[in-house]
Amino acid sequence: MIDYVKGRVAQIDADSVVIDVRDIGYRVFTPNPYAFARSEEAVTVYCHHHVREDAAQLFGFQTREEQALFRQLLEVSGIGPRVAVGILAGGRPEAVVAAIHREDLSFLTRLPGIGKKTAQRMILDLKDKLQLAVQTVELQWEAEASGGGTVADAAGSAWTEAREALAALGYTAAELDRAWAGMGGAELPGETVDALMKRALQQLFKG
């Protein structure tokens, strides 16, 4: 089984990347292909090698946490690799895990390909199995309990305004959460709304 591939990003498509490993191109389906910026430097993609009768496919992720969550999602009846990739594209791993822990059907049913019955199975099958740092889950709960919605929303007022402005431009909550994570999850001292928006857009343009 292929656990990871390391090589140059040779091509980026809507749902996958091609990783050139010693002149062999591996097509890897991934939640956010544009997160793997095309460059000459080698990148590591953590993989799940999915084999069925008519195909052998690679699904890849930037982190071990995404890889682990993907594999645990596959244990839920009704969730195949394509749906699992869609779940990770629609929400950060810690947000998905937190939603399962607190049995948040509203959040889960907003994820691509997830209906109420599948969301209920996710909670039943995974609530006691998922591994996530307790502090991360607690931060998620505290942020949402205070009305922030996500950890990123619980940041300073400048980011709240910047986030609202970016949302008005059409960016999704998942995209903005990823941008915030890419910004280090913190505002710089004295940073203005405009400066935050520019930093966020840099992350969003990266994918």
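Counting from 1395, one number per residue, gives the positions in the sequence shown under this note's numbering. All C-beta atoms, glycine included, are put in the ideal place defined by N, C-alpha and C. Bear in mind that the values here come from a model prediction, so they are computed numbers and not experimental data.
{"Query": "Using 10 angstroms around the beta-carbon of GLN1405, count the other beta-carbons present and answer buried if the total reaches 16, otherwise exposed.", "Result": "exposed"}
{"Query": "Using a Cβ-Cβ cutoff of less than 7 Å, which residues in the same chain neighbour ARG1458 once the five nearest sequence positions on both sides are dropped?", "Result": "TYR1440"}
{"Query": "Just the Cα atoms here: how many angstroms apart are ARG1421 and PRO1427?", "Result": "11 Å"}
{"Query": "In whole angstroms, what is the alpha-carbon distance linking SER1500 and ALA1594?", "Result": "27 Å"}
{"Query": "Mapping DSSP to helix, strand and coil, what is VAL1422?", "Result": "strand"}
{"Query": "Measure from the alpha carbon of LEU1518 to the alpha carbon of each residue in LEU1505, VAL1491, ALA1429, then state which is nearest.", "Result": "VAL1491"}
{"Query": "Would you tell me roughly how many angstroms separate the C-alpha atoms of ASP1417 and GLU1435, rounded to the nearest one?", "Result": "14 Å"}
{"Query": "For GLU1447, is the classification buried or exposed, using 16 other Cβ atoms within 10 angstroms of its Cβ as the cut-off for buried?", "Result": "exposed"}
{"Query": "Quick check on ARG1405: does DSSP put it in helix, strand or coil?", "Result": "The sequence shown places Gln at residue 1405, not Arg. In the structure shown, GLN1405 sits in a strand (DSSP, three-state: E or B)."}
{"Query": "Suppose you measure from the CA of GLY1564 to the CA of ALA1462; what does that come to, to the nearest Å?", "Result": "30 Å"}
{"Query": "Which same chain residues end up closer than 8 Å to LEU1520 when comparing Cβ atoms and leaving out the 5 residues on each side of it in sequence?", "Result": "GLN1466, LEU1467, GLU1469, VAL1470, ILE1494"}
{"Query": "For GLN1466, report the span of its alpha helix (DSSP H) as first-last.", "Result": "1458-1467"}
{"Query": "List the residues that DSSP assigns as beta-bridge partners of THR1438.", "Result": "LYS1400"}
{"Query": "Does the separation of the CB atoms of GLY1472 and PRO1506 fall below 8 Å?", "Result": "no"}
{"Query": "So, PHE1423 versus ASP1409, is the Cβ gap smaller than 8 Å?", "Result": "yes"}
{"Query": "Are LEU1582 and ALA1556 touching if we call contact CB-CB under 8 Å?", "Result": "no"}
{"Query": "THR1512: which of ARG1572, ASP1407, ASP1522, ASP1498 sits nearest, CA to CA?", "Result": "ASP1498"}
{"Query": "Report the residue ranges of all alpha helix (DSSP H) runs contained in full by the segment 1468-1495; include only those spanning at least 4 residues, in chain order.", "Result": "1475-1484, 1487-1495"}
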